[in-house]
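Numbering (my numbering), first residue to last: 139 to 801.
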Ligand code: XIL
């Protein structure tokens, strides 16, 4: 989609004086006089009602007709009609170059309705930004159902994070060319809360353990986001700017603007940079895998040589450009597919070159950046089958001399999954290899399946999330000798990739909320006693007076639930996990969990607790960091044990002598 940039109506230049929250009058849009009631209320910057019979600055994008109409109106008697559209991206547009201030958050709102007689469809609100002759398009509000019978409101926030020489907001359709009306457009400045300066800096709290990082885009290095980033973090990972589609969209043509800006910001502010990523099956342009005449490359020697030479040239250019500014590279990303018997993802890279793309990538990266740490990075590395296949590949390649220094665990997890024990097993699995490890992309989704969607994060999910952050970071800190950094995939909930992945819905997976304020998740890491156990529930309040910190409701004054899972079993041995949930209303400190093995099983090693076994009877007490078991909280152990004739489940689970239900 590309539309010629035409300015049919020049708006008078207006400067938004944010400091004094002044409103701006523009030639066509109506200036507002009502001051904000409170500082946090949105401040209207401009609006367009079309009641004066003009288009108030709105114009067509490319040849369609945009004119005032009195056929229907949302408010008053006038609206704006776009007709004669010949492409779905055509629609009424308003130039905003002189109105929007880079780095400031705005709410854009518009009412939309299809013209009489048009079949139902979908509309969206988008922004076009132009710079140096190239246009990019951002969605402010995604596809929304609309008919000719009713007005629908599109409203979303937008932050301009780039230097631009053209900027406009416009309404388009998802498909088709229906005539459409818009009305009552507003653009409001959204005042932000100040970045908190009276809370500990994460990087200081974790200073003795590992550097803490955040994934960034241009939006995180301006305004309040930049203040928050500098305050709490040691390292950054450009979330997209160093990927192949960003740096070399067409062969031999490199685009460095975003990567230079982000790496430059990091260097200027003393932040270390993780480079992400050199070879991946996604966000890689199609040209990489096709001949100059457009034929897909095959595994024949000439095609393979071409692919590897492209890979080498790419790595030389990208890694070479940043030199010492980038100390760690995710050389390879997501190459494991545990469903293949050999564990290797059937990517185009693999299909054309076998494992040679990995050998080439690491060799060239080492040559160009001899002191950088070179990583292989993947998701779901806690899943035993995937973990083991990754471990096998890394040990095989290292044995060949491929310079892999470290394993990156993405850790895109959620409030329920995975268990601490499985995460610990993930870290332990790579220790024998003698590689470094990093957590590279952590976020904790509030959703446990793709069907859920909450307009605002429910209080109980946020609380469960806080305990997850607490427990996972407690684990990381215990493994601080293995982990050379931990990175979160984002800075704050105002900008997370999980808002659109795996489905579109608002997620809240990070430590700071959409207003950049510390969440309970942050306190889970910094000081778990300050996790707010009774936040006001925003969605589906539970019947009990206190909000349960787990997704499961509380069941009584003194009760517990034991969930026992055999994770893996082999002749003579097995690995199991036990989760104890305090379903009672009372917090417990310094608890004891007991059970009895029916078949003479014998524990050889247990993590997340201290174990004593006396014949069939087992007792577990806390380690230094998990002795508090709040109402609704859980503790989870993992262990390795031996068995001989059979391995039936343990019985008689108790918490402080209290019998637990199982399940
Ligand atoms: C994500 C980015 O955050 C998104 O902005 C982009 O649209 C898709 O990619 N695993 C990775 C990251 O290794 O590169 C992905 O980043 C998230 C999953």
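For every residue, glycine included, the Cβ atom is placed at its ideal position computed from N, Cα and C. This one's a predicted model, so the numbers in the text were calculated from it and none came from an experiment.
Judged by DSSP in its simplified three-state form, residue 376 adopts strand. Here residue 262 is actually not in contact with residue 202; their C-beta atoms are around 16 angstroms apart, not less than 8 angstroms. Sorting 622, 584, 666 and 660 by C-alpha distance to the C-alpha of residue 644 places 584 at the top. Here DSSP, grouped into helix, strand and coil, assigns residue 752 to strand.
The DSSP-derived three-state label of residue 718 is strand. Cβ-Cβ distances below 6 angstroms link residue 362 to 330, 333 and 654 in the same chain, with the five nearest sequence neighbours on each side left out; the list follows chain order. The three-state secondary structure of residue 569, taken from DSSP, is helix. The straight-line gap separating the alpha-carbon atoms of residue 429 and residue 470 is approximately 23 angstroms. Take residue 433, set aside five residues on each side of it, and no residue of its chain has a beta-carbon closer than 8 angstroms to its own. Using a cutoff of 8 angstroms, the CB of residue 657 does not count as near ligand 1, since none of the ligand's heavy atoms is closer than that. If the five residues before and after residue 240 are omitted, its C-beta is found closer than 6 angstroms to the C-beta atoms of 298, all from its own chain and listed in chain order. The beta carbon of residue 355 lies closer than 6 angstroms to those of 377 in the same chain, with the five residues before and after it left out. Scanning its chain for C-beta atoms nearer than 8 angstroms, with the 5 sequence neighbours on each side dropped, one finds around residue 489 the residues 437, in chain order.
The beta carbon of residue 761 sits closer than 7 angstroms to the beta carbons of 746, 747 and 748 from its chain, once the five residues preceding and following it are set aside; these are given in chain order. DSSP, reduced to helix, strand and coil, places residue 502 within a helical segment of the structure shown.
Taking all protein chains in view, the Cβ of residue 569 is surrounded by fewer than 16 other Cβ atoms within 10 Å, so the residue is classified as exposed. The C-beta distance from residue 521 to residue 571 rounds to 18 angstroms, too long to meet the 8 angstroms contact threshold. Take the alpha-carbon of residue 357 and the one of residue 229: they are about 27 angstroms apart. Assignment of beta strand (DSSP E) within the region 227-298, counting only whole runs of 3 or more residues, yields 231-233, 243-252, 259-269, 272-284 and 290-297 in chain order. For ligand 1, a non-hydrogen atom lies closer than 8 angstroms to the CB of residue 418. Per DSSP, residue 654 is not a residue of any beta strand (DSSP E), being assigned neither H nor E. Within the same chain, 662 and 666 come within 6 angstroms of residue 608 by CB-CB distance, once the 5 residues on both sides are set aside. Residue pairing by DSSP places residue 641 opposite no residue, since no beta bridge is assigned to it. If you draw a straight line from the Cα of residue 502 to the Cα of residue 217, it is about 60 angstroms long. The three-state reading of DSSP puts residue 340 in helix, counting H, G and I together. Following the DSSP letters along the chain, one finds residue 699 inside the beta strand (DSSP E) bounded by residues 698-708.
With a cut-off of 8 angstroms on Cβ pairs, the region 310-319 is not in contact with the region 333-350, counting fewer than three such pairs. Minimum Cα-Cα distance from residue 505 among the listed residues 540, 325 and 524 corresponds to 540. Ranking 198, 181 and 207 by CA distance to the CA of residue 188 puts 207 first. Residue 789 counts as exposed, since fewer than 16 other C-beta atoms from the protein chains shown sit within 10 angstroms of its C-beta. The beta carbons of residue 456 and residue 380 sit closer together than 9 angstroms.
Under the Cβ criterion (8 angstroms, minimum of three pairs), the region 764-780 counts as touching the region 719-735. Around residue 348, the same chain offers 618, 621, 623 and 624 as residues with beta carbons nearer than 6 angstroms, after the five sequence neighbours per side are excluded.
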